[in-house]
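Numbering (our numbering), first residue to last: 1431 to 1937.
Here a beta-carbon is modelled for each residue, glycine too, at the ideal position from N, C-alpha and C.
Here the structure comes first, spelled out in structure tokens, and everything after it is commentary.
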Ligand code: ME8
């Protein structure tokens, strides 16, 4: 039986079209999922949409459509976007799915019967665009700390989840599982700013709007945000039924989220799971934000383009590579079209594309496309081979630590070395003298092997490009099991393959 790996993205709000920030999390989750599949794991990769709430109800009303009609259109576009980005999700959950809704109702009832949900009155400061309640002390200049807009004082009858009851259990859990939250700075933030000062019970129902999952035993209430949203990670597996899928995949190995929802995933979600007597996810990683002109890319600010425009202009792997490589994973980073272009030209075009096309062309020109291993090595070859042979372990380690950008740096270091190896061994000089034929073949064979190994790993990150490389090398793609089984002879044919990336001119 293969080892399993369950990875999730947040379920995004379809209140507006998705932007590059949503692509960021989803591309990274996809690369990790693909990597684990190549490594032989039985992967379950889930993404989806979080469709209830006042904001969507209001937006739909403004547009003169039902909330469901409103979200359906956005979700069709989102699915098209994921397809164009080669996102290999196994399951797309919608919180309007019938089975999700009934399962959420059952979970709510279960918690109520247990006494962990009770009826009370909610008074709070509410930000409509962010769908968030804030305490007085969290406001910045009296406004919503996330978007800077006005908040309203709201009072209504509501159900509460006994979050406070789980304070000690959460602290103990953090203590015993030091790797639960990453990066570690976010863990300290949760402990010091939220848990230790004392957890308040959490409001989990609303009567002020209708667009939500009704509480079965008190129908004027709809279940509010977090019990509906967070449980997506288990309702998709059939919970509360203990299905074979649930038994196989739960607990999740990794919830990948943006830093602003770490709090919900590392406090509310574990507490809910504790209340349900379920095991907790192994890790929550809170990544940084992509920012534009110093501010967060935001639906409410509308400061973004449809990511499909970038895919159409520069190719899917330019966008994927940027998301994976540009920003140290965990930190905030700037996004601009010009940095996307610079990154594509510098790495994909100059380092990778150039290497692959030069090598294949030389194989065709000097050996009619047939290059095998003459097995006579010089020191300079051993050096390159050593970098190639240790690459997979280095990348494994980086992926384990979720240092995704550094994983790509390792691969591109090897590719850079290959280019330097060409400059140092000067195949075009070797080609002038028949006596150097064996040496020349060794050089080209080593390069082809290095490219093959890099492409095998790159399948996880830029799958379309990796496929093109395999086609250029005229070999089948591989998983990691036989990555270090050498090819006996490359038969490259006679046709020069198209360039992997054209240099982009910045206007
Ligand atoms: O919060 N940079 O949905 P949401 C990087 N429905 N990542 C970004 C980003 C940016 N500028 N903007 C968005 C929700 N993201 C809830 C989640 S989960 C049970 C419920 C990504 O549509 C990032 O992953 O506001 C962030 O956490 C998520 O989109 C927020 O998506």
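Taking the C-alpha atoms as reference points, what is the distance between residue i and residue j?
i: residue 1504; j: residue 1482; result: 14 Å
i: residue 1653; j: residue 1639; result: 10 Å
i: residue 1582; j: residue 1484; result: 14 Å
i: residue 1718; j: residue 1635; result: 30 Å
i: residue 1529; j: residue 1650; result: 21 Å
i: residue 1931; j: residue 1555; result: 51 Å
i: residue 1828; j: residue 1468; result: 15 Å
i: residue 1678; j: residue 1802; result: 45 Å
i: residue 1838; j: residue 1783; result: 15 Å
i: residue 1798; j: residue 1924; result: 7 Å
i: residue 1609; j: residue 1736; result: 36 Å
i: residue 1587; j: residue 1705; result: 23 Å
i: residue 1853; j: residue 1821; result: 21 Å
i: residue 1863; j: residue 1857; result: 11 Å
i: residue 1826; j: residue 1918; result: 26 Å
What are the residues that DSSP puts in a beta bridge with residue i?
i: residue 1564; result: 1555
i: residue 1802; result: 1919
i: residue 1612; result: 1715
i: residue 1633; result: 1590
Check each candidate in the options and name the one with the smallest Cα separation from residue i.
i: residue 1775; options: 1761, 1756, 1760, 1793; result: 1756
i: residue 1804; options: 1761, 1870, 1884, 1854; result: 1870
i: residue 1733; options: 1497, 1725, 1857; result: 1725
i: residue 1437; options: 1486, 1933, 1684; result: 1684
i: residue 1622; options: 1604, 1637, 1609, 1632; result: 1604
i: residue 1848; options: 1780, 1738, 1747, 1699; result: 1780
i: residue 1516; options: 1906, 1613, 1738; result: 1738
i: residue 1936; options: 1736, 1854, 1766; result: 1766
i: residue 1860; options: 1680, 1795, 1579; result: 1795
i: residue 1723; options: 1743, 1714, 1764; result: 1764
i: residue 1843; options: 1830, 1832, 1857, 1824; result: 1824
Is it the case that the CB of residue i approaches a heavy atom of the ligand ME8 more closely than 7 Å?
i: residue 1659; result: yes
i: residue 1741; result: no
i: residue 1487; result: no
i: residue 1714; result: no
i: residue 1696; result: no
i: residue 1726; result: yes
i: residue 1691; result: yes
i: residue 1458; result: no
i: residue 1451; result: yes
i: residue 1687; result: yes
i: residue 1720; result: yes
i: residue 1881; result: no
Looking at residue j and residue i, is the spacing between their C-beta atoms short of 8 Å?
i: residue 1562; j: residue 1576; result: yes
i: residue 1890; j: residue 1508; result: no
i: residue 1697; j: residue 1625; result: yes
i: residue 1466; j: residue 1435; result: yes
i: residue 1899; j: residue 1881; result: yes
i: residue 1442; j: residue 1502; result: no
i: residue 1486; j: residue 1518; result: no
i: residue 1591; j: residue 1543; result: no
i: residue 1749; j: residue 1716; result: no
i: residue 1450; j: residue 1720; result: yes
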